[in-house]
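In what follows, a structure is listed as structure tokens, so that the remarks can point back to it.
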Amino acid sequence: MPSRKKTGMFAAAFVTCACSFVFICVVLATQHWVSSKVHFSGTNSSVTVSLTYGLFSGTCEQLVDAGLLVPEKIFQVAANLSNTKAKSTVTAIIVILVLGLLVSLLSSGFTCTNAVSNPYQTFLGPIGVYTWNSLCGIFILIAMILFPVNIEGNGLSIELAHGCFSALQKYVKSEHTYGYSYWIMLLIIFLNIASIVIIYFYDHARYSKKKEQERPIENAPKDVILF
12 MPSRKKTGMF AAAFVTCACS FVFICVVLAT QHWVSSKVHF SGTNSSVTVS LTYGLFSGTC
72 EQLVDAGLLV PEKIFQVAAN LSNTKAKSTV TAIIVILVLG LLVSLLSSGF TCTNAVSNPY
132 QTFLGPIGVY TWNSLCGIFI LIAMILFPVN IEGNGLSIEL AHGCFSALQK YVKSEHTYGY
192 SYWIMLLIIF LNIASIVIIY FYDHARYSKK KEQERPIENA PKDVILF
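Written out as structure tokens, the structure is:
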């Protein structure tokens with residue numbers, strides 16, 4: 012059976028890993044990644060398309076000279092994209108997040124196992140926790156980078172605006188505000204770092220104690236040697 016200290020440390024790491032898993036589910040399920048206002052100019056008026064969307068679906072509405080022209084409607088992201096590059100990047104982000112979800116689940120399993128037992132295999136211990144949490148953090152970071160790149164570089168919001176309203180004319184400019192679904196990923200990265208730090212402190216304390224017990228006898232006091 013593991014010591015109380017080990018159980019407590021790994022239980023704390025399990026909580027952070029489990030929270031990371033739950034938050035990745037939230038990121039995938041919610042559609043508040045970004046809110047965009049895309050401006051177009053026509054012959055007699057200017058048109059603004061407002062969009063709020065995530066990886067799978069979103070809502071859009073069209074305004075002409077500050078007056079509502081078309082009521083808000085729901086759209087599917089994949090169905091509204093004709094740009095292959097933008098569509099591929101969205102798919103890549105989804106795949107990366109699913110991988111992060113699986114890795115987070117593995118990390119939760121490893122920390123839970125160590126909280127209730129002493130695995131014989133080295134990789135099932137702290138090394139495994141370091142590995143899975145690091146991978147999860149890297150996957151989330153890549154997703155955080157790819158999404159704004161897709162918006163700014165591949166014109167994701169512009170493509171979706173054209174998909175919602177085909178009669179739009181000349182593109183002028185766009186404004187983007189990232190929502191809570193996007194920023195939750197930053198929290199997930201911090202949770203992964205927290206898991207690594209917790210296990211590092213446990214591992215470091217265990218290593219220090221082991222080295223203390225293995226000190227050569229010549230370092231012991233003379234009276235102890237004589238005894």
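Each residue of the sequence shown is one higher than the last, beginning at 12 in my numbering.
We treat Cβ as the ideally placed atom computed from N, Cα and C, and that holds for glycine.
These numbers come from a predicted model, not from an experiment.
**Prompt:** Who pairs with S61 in a beta bridge, going by DSSP?
**Reply:** Mapped onto the sequence shown, residue 61 falls at position 50. Paired residue(s): K48, E72.
**Message:** For the stretch 81-93 against the stretch 137-144, do three or more pairs of beta-carbon atoms, one drawn from each stretch, fall closer than 8 Å, so that the two count as touching?
**Reply:** With the cut-off at 8 Å, the stretch 81-93 and the stretch 137-144 do not touch.
**Asked** Short check: CB of T70 to CB of L157, under 9 Å?
**Response** If you number the sequence shown from 1, residue 70 lands on position 59. If you number the sequence shown from 1, residue 157 lands on position 146. In this structure, L157 does not lie closer than 9 Å to T70 by Cβ.
**Asked** Can you tell me whether L117 is buried or exposed, with buried defined as 16 or more other CB within 10 angstroms of its CB?
**Response** What you label residue 117 is simply residue 106 of the sequence shown in a count that begins at 1. Under a 10 Å Cβ-count criterion, L117 is classified as buried, with 16 or more other Cβ atoms of the shown protein chains found around its own Cβ.
**Message:** Residues in the same chain with beta-carbon distance under 6 Å from V75, minus the five sequence neighbours each way, listed in chain order, please.
**Reply:** In the sequence shown, residue 75 corresponds to position 64, counting from 1. Correct list, in chain order: S56, V58.
**Asked** Is it the case that the Cβ atoms of Q180 and S52 are separated by a distance below 9 Å?
**Response** By one-based count along the sequence shown, residue 180 stands at place 169. By one-based count along the sequence shown, residue 52 stands at place 41. Cβ atoms of Q180 and S52: closer than 9 Å.
**Asked** When the Cα of Q2 is compared with those of F67, T188, V81, which residue comes out closest?
**Response** The question about residue 2 has no answer, for the chain in this structure spans 12 to 238.
**Prompt:** Between the Cα of A172 and the Cα atoms of F25, T18, A29, V60, which residue gives the shortest distance?
**Reply:** What you label residue 172 is simply residue 161 of the sequence shown in a count that begins at 1. Comparing Cα positions, the closest option is V60.
**Request:** Confirm, please, whether the CB-CB distance from N125 to P137 is below 9 Å.
**Result:** Here residue 137 refers to the residue found at position 126 of the sequence shown. Here residue 125 refers to the residue found at position 114 of the sequence shown. Yes, these two residues count as a Cβ contact at 9 Å.
**Request:** Can you give me the start and stop residues for the alpha helix (DSSP H) that V26 sits inside?
**Result:** Reading the sequence shown from its first residue, position 15 is the one you call residue 26. DSSP places V26 in the uninterrupted alpha helix (DSSP H) bounded by 15-40.
**Message:** Measuring straight from C-alpha to C-alpha, what distance separates K16 and F212?
**Reply:** The residue you call residue 16 lines up with position 5 of the sequence shown. The residue you call residue 212 lines up with position 201 of the sequence shown. Straight-line spacing of the CA atoms in K16 and F212 works out to 11 Å.
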